[in-house]
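All you need for our numbering is the position in the sequence shown, starting with 1, plus 432. We treat Cβ as the ideally placed atom computed from N, Cα and C, and that holds for glycine. As the structure is a computational prediction, the values presented were derived from the model and not from experiment. See structure below.
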Amino acid sequence: MKRILLAFLLILLPISPAQSSTLVTLTAPTTKLADGRFINNELAISISPGGSLGKALEITPSNSRTWLIDPALIEDISDLVDGYIYLDQEGKDVEVASLDIASAWLARLQSLISNNRVVSITYGAPSQEFLERVAPGELSNYNALSKLRLEELLNREVIAPGKSGVEGEPALIAKNSYSALRKSIKITNSVITSKDVEDLRLGLAKTLNPALSKADALLISKSYSAAIKGVNNKLRISPGSYTITTKNYDLPVTIINDFTQPVSLDLLIATTNSRVLVDDVPRITIDAQSQIQIKVPIEVIASGDTSLRLQLYTPEAELIGLEERIPLRLAVISPVTTWLTTGMAIILLLAAIVQSVRRVKSRRGK
């Protein structure tokens, strides 16, 4: 509770001596995991009467205010309305059916801002300095999405975020995991534009809020890591192993798309040794929530054990999903071996015939 109280900023400052307009900032570090659960019940407490966010709206309406609002905070509070789950001190789920004070808080906010100027804060109030240093392009994307999200939440036009005043560095765990997670979900988002993927991409910004405690940053970052891994696994190659007994074989490979939209991908196949040759595969289009089986032509050069490494790529040649290895047992008799075997069999047969003839002649001579 104290952490939210310290992190939450409610500032009533004159914009200039010539204006009577005041500035109100609404933001707080998130307590929501990537799966939608809350790590504690502090947000519900803070919007209650007497809580830090509850007190923030205990002001009279005015036509001369400018509001700086974090869309992530409004989303989190909106999630409380119809019920939510939070973790108790033992890490067990506690389910709350609904929260009327969340509805009342949102209604009060709508009333107060109706005749005011509203500016969006970058989603989740991440460290401006960190993002400008490591991902300036992603910061621009966050700002564009933040405006759209807040407009949808408040059902009105708002101003896009400007240069943030958020200072400080994110927790070390968030900094260390951010770049790899951002790259992974960004690649998925380049071919899958569904809201669940966009939510994860945008939600990573929340992990970079400098006001997050180390413990909370760890839990939230780990939840996003698991969620992004799960989402990326919605595009995958089905495993299998095969024994091949012919020189030329069409290997069946199944590719699965669990997303709600179709996707076009390239399948690249590499061999682990020279026992087998693999032809290129044309670009594949997989319908939404379906799977497709393709035939991969292969040519066996020599018998023995080998494996194929299969990997999916976007049309922009970006690696997507996990590599799949398919073991192959090659049990093919080469033409030379077949000829030699057949020749030896014929020779043995002829030798047996000659031996039989000699025995017959020997008996007659006696």
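Going by other Cβ atoms of all chains shown within 10 Å of its Cβ, with 16 needed for buried, is residue i buried or exposed?
i	result
isoleucine 724	exposed
asparagine 664	buried
isoleucine 443	Here isoleucine 443 scores only 35 on pLDDT, less than 50, and its place in the model should not be relied on; the value that follows carries that caveat. Result: exposed.
leucine 497	The question names leucine, but residue 497 in the sequence shown is arginine. The residue in question, arginine 497, is buried, as its Cβ has 16 or more Cβ neighbours within 10 Å.
glutamine 560	buried
leucine 636	buried
arginine 715	exposed
isoleucine 785	exposed
methionine 433	At methionine 433 the pLDDT is 44, less than 50, meaning the model places this residue with poor confidence and gives no usable figure here.
lysine 646	exposed
threonine 459	buried
arginine 588	exposed
asparagine 705	exposed
proline 747	exposed
lysine 661	exposed
serine 655	buried
tyrosine 516	buried
serine 478	buried
leucine 441	Residue placement at leucine 441 is flagged as unreliable, the pLDDT there being 38, under the threshold of 50; the coordinate-derived value follows with that caveat. Its Cβ being crowded by 16 or more others within 10 Å, leucine 441 is buried.
alanine 606	buried
threonine 675	exposed
leucine 742	buried
asparagine 680	exposed
glutamate 474	buried
Taking 9 Å as the cut-off, decide whether the C-beta atoms of residue i and residue j are in contact.
i	j	result
leucine 632	isoleucine 617	yes
threonine 692	serine 626	yes
aspartate 404	valine 528	Within the shown structure, residues of the chain are numbered from 433 to 798, placing residue 404 beyond reach of any answer.
leucine 683	leucine 740	yes
leucine 563	leucine 489	no
alanine 476	isoleucine 652	no
alanine 643	serine 596	no
aspartate 514	threonine 463	no
threonine 677	valine 764	yes
serine 670	valine 685	yes
glycine 594	valine 551	yes
Identify the residues that DSSP records as bridge partners of residue i: which are they?
i	result
alanine 800	The structure shown does not extend to residue 800, since the chain is modelled only from 433 to 798, so the question has no answer here.
glycine 736	Leu762
leucine 458	Ile501
arginine 633	Its beta-bridge partners do not exist; DSSP assigns none.
threonine 639	Threonine 639 pairs with nothing; no bridge assigned.
arginine 668	Ile688
serine 696	Thr717
serine 722	Asn689
tyrosine 674	Leu760
leucine 683	Val728
Below 8 Å on the Cβ atoms is my guess for residue i versus residue j; work out the distance and round it to an integer in Å.
i	j	result
alanine 659	alanine 603	About 18 Å; that fails the 8 Å criterion.
isoleucine 491	leucine 544	7 Å
arginine 761	alanine 734	In fact, because the Cβ distance is near 12 Å, the residues do not count as touching under 8 Å.
serine 609	glutamate 750	At roughly 20 Å, the Cβ-Cβ gap does not stay under 8 Å, so serine 609 and glutamate 750 are not in contact.
glycine 753	arginine 668	6 Å
message: Could you tell me which whole beta strand (DSSP E) segments of length 3 or greater appear in the stretch 554-624?
response: none
- prompt: What are the complete alpha helix (DSSP H) segments, minimum 4 residues, inside the stretch 473-532?
  reply: 474-478, 484-488, 503-513
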